[in-house]
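Residue numbers (the numbering used here): 135 to 263.
Report on the structure given below.
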C-alpha cells in the first residue's frame with residue numbers, strides 16, 4: 135500500500151522470484167500515477183512475493199495463495215485495498231485468493247479484480263489488460 139489520498143489502494147499482486155521491497159515500492163508509486171490518470175477515486179499500491187508459480191502443481195499454488203491471503207485479508211477490502219493480478223498472478227491464483235478471503239471473512243464483494251466469470255468477474259477482463 136503506497137498512497138490512498140484519492141481513494142482505496144488499487145494495484146496488482148506479483149508472484150515472481152525478482153520481487154523485493156524496493157521493486158514493490160517503485161511499482162506502488164507508479165500505480166498511483168496510472169490510477170490518477172484514470173480520474174477514478176483510487177490510490178495506488180502493489181504487493182507480492184518472490185514465490186514462483188511456474189513449475190508448481192495446482193495444489194502447491196493453491197496452498198501458497200491460501201496462506202498468502204490468510205495474512206493479506208487484514209489489509210484488503212472494497213473500501214481499503216482492491217488488488218488485481220500481475221506477473222505470476224492470473225485467474226487461477228486470483229480464484230484461490232478469492233476463495234480463501236471468502237472463507238475467512240464471509241465477504242466477497244469488491245475485494246479482488248481479475249476473477250473468473252463464475253466467481254463474479256468480468257467477461258471482458260482478459261481484453262482489459
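In this text, a Cβ means the ideal position worked out from N, Cα and C, and glycines have one as well.
Check	Outcome
Would you give the residue range spanned by the alpha helix (DSSP H) that residue 216 belongs to?	No alpha helix (DSSP H) contains residue 216, which is instead part of the beta strand (DSSP E) from 215 to 219.
Return the Cβ separation of residue 199 and residue 231 in integer angstroms, given the expectation that the two are a contact with Cβ distance under 8 Å.	5 Å
In whole angstroms, what separates the C-alpha of residue 202 from that of residue 227?	11 Å
Where does residue 242 sit, in a helix, a strand or coil, going by DSSP?	coil
Measure how close the beta-carbons of residue 186 and residue 217 come, nearest whole angstrom, since I'm counting them as under 8 Å.	Actually they are not in contact, since the Cβ atoms of residue 186 and residue 217 sit about 19 Å apart, beyond 8 Å.
Within 10 angstroms of its Cβ, does residue 159 collect 16 or more other Cβ (buried), or is it exposed?	exposed
Indicate whether residue 180 and residue 205 have their beta-carbon atoms separated by less than 9 Å.	no
Please list, in chain order, all residues of the same chain as residue 223 whose beta carbon is under 6 Å from its beta carbon, the five residues on each side excluded.	147 and 149
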